[in-house]
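Take the sequence shown: its position 96, counted from the start at 1, is 431 in our numbering, and no numbers get skipped.
All C-beta atoms, glycine included, are put in the ideal place defined by N, C-alpha and C.
All values reported here derive from a predicted model rather than from experimental measurement.
For reference, the structure is listed below as structure tokens.
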Amino acid sequence: MKISINNLNFSYNGSFALKDINEHIETGEFTAFVGPNGSGKSTLLKCIDRILIPSKGEILFNDQNIKYYKREKIAKIIAYVPQNEGNIYPVTVFDAVLIGRKPYVNWAPSKNDFDKTAEVIEKLDLGDISLNEINKLSGGQRQRVYIARALAQEPKVLLLDEPTANLDLRHQLEVLELLQVLSENGITIIIAIHDLNMAIKFCSKFVMINEGEIFATGGKEIITSGNIEQLYGVKVKIIKEDGEMIIIPLNNKHKKISLAI
Ligand SMILES: Nc1ncnc2c1ncn2[C@@H]1O[C@H](COP(=O)(O)OP(=O)(O)OP(=O)(O)O)[C@@H](O)[C@H]1O
Ligand SMILES: [Mg+2]
């Protein structure tokens, strides 16, 4: 499913968070929203999922405005994994993932709903803890449960806000590899991510956001030391190893933090 964002603006109580955003994302693209803290990545993801309603502009999915769709219909199209999800009810991992099937369930889950739930639990390496209570898991385990729940929705568009932030290295790679495979199978995926090296390893498109505006958008060609320096105010060196780009931050000389008391 392709996504078109046209002239989108969003304000929190009168102070703008997103300004004149225009972006087009093709079906099956694996897109990274990158940019400094507070630049508007999460706000844009929430606008795409219609958790937040833009003050101006529109978002089209396959050229259709889903503005008037009911929540259950949107949930069959878009799944969203937030940056921070507070504690939820003390349910098991299995039940938490089963909740992802809600848009498809009439009054009781079917065998297909249970099978789909078991399938994504396996995929996200949660089999061993599927009967554990979700509130008693580590941050990274819980993150994988939320991703599994989103996949159980069988969405056409998957939005994930810093999906790897709490994960150990192996699970970061596994989750991003899985997302890459899903995008190759036609699911449109957008993640907000701070780790630029992970982003360039897996994503096909990059949207650099700065102070609520799009600073640059495109493929790997926009990941330049000049763009990174302007975006973050940090000097970096980009090297190539086995054909892959690697970003190395250099010492940040323009800001000295004084530790003197
Ligand atoms: N609920 C809110 N009420 C008021 N202002 C908000 C709210 N949420 C975010 N903002 C403001 O909107 C701007 C964009 O925030 P947003 O959370 O989208 O940034 P972000 O790029 O996701 O940052 P981070 O990398 O820290 O997650 C920031 O200035 C933030 O302070
Ligand atoms: Mg955020």
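L494 carries a strand assignment under DSSP once its states are collapsed to helix, strand and coil. The alpha carbon of N400 has as its nearest neighbour, out of S339, P417, V416, E457, the alpha carbon of S339. In the DSSP assignment, M543 falls outside any alpha helix (DSSP H) and lies within the beta strand (DSSP E) extending over 540–545.
By the neighbour-count criterion, in which a residue is buried when 16 or more other Cβ atoms sit within 10 angstroms of its Cβ, P425 is exposed. Distances from the CB of K376 to the heavy atoms of ligand 2 include at least one below 7 Å. In this structure, the CA atom of V571 is about 33 Å from the CA atom of V492.
For the pair L379 and M336, the Cα-to-Cα distance works out to about 18 Å. In this model, S560 and D384 are separated by some 32 Å (Cα to Cα). A residue is called buried once 16 or more other Cβ atoms fall within 10 Å of its Cβ, and Y403, having fewer, is exposed. In this structure, G373 has its beta carbon less than 7 Å from a heavy atom of ligand 1. With fewer than three CB-CB distances shorter than 8 Å, the stretch 386–394 does not count as touching the stretch 445–455.
About 14 Å separates the CB atoms of F550 and L531; that is not less than 8 Å, and the two are not in contact. For H529, there is no enclosing alpha helix (DSSP H), as DSSP marks it with neither H nor E. With respect to the 8 Å criterion, R484 and I434 are classified as neighbours on the basis of their beta carbons. Not one heavy atom of ligand 2 sits closer than 7 Å to the Cβ of Q399.
Remark: the C-beta of D530 is outside contact range of ligand 2, defined as less than 7 Å to any heavy atom.
In this chain, the alpha helix (DSSP H) harbouring T378 covers 376–383. Residue environment: D577 is assigned as exposed (fewer than 16 neighbouring CB atoms within 10 Å of its CB, all protein chains considered).
Taking one beta carbon from each stretch, the stretch 534–545 and the stretch 496–503 have fewer than 3 pairs nearer than 8 Å; the two do not touch.
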